[in-house]
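**Q**
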Amino acid sequence: MKKTLLALTALTLSTSSALAANYVGGSIGSGLTFHYQSDLAAGSAIRYGLNLSALGFNFNQLSVGGGVDYLNSFSAGNANLGGLNPYYGFGLDAGVALGSVTGVSVYPHVLGGLSFNVSAPLSVFAELNAGPNISIGTNTDVSFGYGARLGLNYRLP
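Count the sequence shown with my numbering and you get residues 14 to 170, in order.
1) Using the three-state DSSP reduction, which class does residue 65 fall into: helix, strand or coil?
2) My parser needs the beta strand (DSSP E) runs of 3 or more residues fully inside the stretch 70 to 157; what are they?
3) Would you tell me roughly how many angstroms separate the C-alpha atoms of residue 61 and residue 142, rounded to the nearest one?
4) Where do the N-terminal and C-terminal ends of the beta strand (DSSP E) with residue 40 fall, by residue?
5) Give the straight-line distance between the Cα atoms of residue 150 and residue 130, rounded to the nearest whole angstrom.
6) Pick helix, strand or coil for residue 169, following the three-state DSSP scheme.
7) Over the uninterrupted beta strand (DSSP E) stretch that includes residue 54, give me the two end residues.
8) With a 10 Å radius around its C-beta and 16 neighbouring C-beta atoms as the bar for buried, classify residue 58 as buried or exposed.
9) How do the stretch 159 to 168 and the stretch 34 to 41 stand: do at least 3 beta-carbon pairs fall below 8 Å, yes or no?
10) Please report how far the alpha carbon of residue 50 lies from the alpha carbon of residue 125, in whole angstroms.
11) Identify which residue in 104, 56, 111 has its Cα closest to the Cα of residue 87.
12) Leaving aside the five residues before and after residue 75 along the sequence, list all residues of the same chain whose C-beta is less than 6 Å from its C-beta, in chain order.
13) Sort 33, 63, 34 by Cα distance to residue 44 and report the nearest one.
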């Protein structure tokens, strides 16, 4: 897992800053997430997120979660989709919990979504994801996980 994250980080740093657009944003759905996204090429991007829903309001529990997603645009050719831009990708979310429930969870997943440019710096997106959810700790198990999110991206100048 370390090698994958290092490779993705190196790939991000090796892209030209003139080519890359950078975004900040957030999403709701399967958690409340704030993210930073950077274009790798014309049709691909990498997104780093901090999942704040893992913090919760349980005072007997301390949790934090984060993730990284690789996004790639579908080549729609000359098809007019009414301004919608379909994309797909894969990602890895991880979380750590200490307190009444102690453990680590990992969620490798695939995803698909649609984005829409509202105005020059602002776009919205809807996304679905699915994959195995692996938890090790007080409650050790492997289950099928899925999620959905609605989000907002703001392109940085």
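A virtual CB, placed ideally from N, CA and C, is assigned to each residue, including glycine.
**A** Checking against the coordinates, here is how it stands:
1) Here the question's residue 65 lines up with position 52 in the sequence shown. Helix.
2) 74 to 86, 97 to 112, 116 to 130, 135 to 150
3) Locating residue 61 in the sequence shown gives position 48, where the first residue counts as 1. Locating residue 142 in the sequence shown gives position 129, where the first residue counts as 1. If I take the Cα positions, the gap works out to 16 Å.
4) Taking the sequence shown and counting its residues from 1, the one referred to as residue 40 is at position 27. Looking at the DSSP string, the run of the beta strand (DSSP E) that includes residue 40 is 35 to 42.
5) The residue labelled residue 150 in the question sits at position 137 within the sequence shown. The residue labelled residue 130 in the question sits at position 117 within the sequence shown. Their backbone Cα atoms lie some 42 Å apart in a straight line.
6) What you label residue 169 is simply residue 156 of the sequence shown in a count that begins at 1. If DSSP states are grouped into helix, strand and coil, residue 169 belongs with coil.
7) In the sequence shown, residue 54 corresponds to position 41, counting from 1. Run containing residue 54: 46 to 54, per the beta strand (DSSP E) assignment.
8) Taking the sequence shown and counting its residues from 1, one reaches residue 58 at position 45. That one is buried.
9) yes
10) As a first step, residue 50 is located in the sequence shown; it is residue number 37 there, counting from the start. As a first step, residue 125 is located in the sequence shown; it is residue number 112 there, counting from the start. For residue 50 and residue 125, the distance between alpha carbons rounds to 16 Å.
11) Counting from 1 along the sequence shown, the entry for residue 87 is found at position 74. Checking every option, the nearest Cα to that of residue 87 belongs to 56.
12) Walking along the sequence shown from the start, residue 75 turns up at place 62. So the list reads 111, 112, once near-sequence residues are dropped.
13) Position 31 of the sequence shown, counted from the start, is the residue given in the question as residue 44. It is 63.
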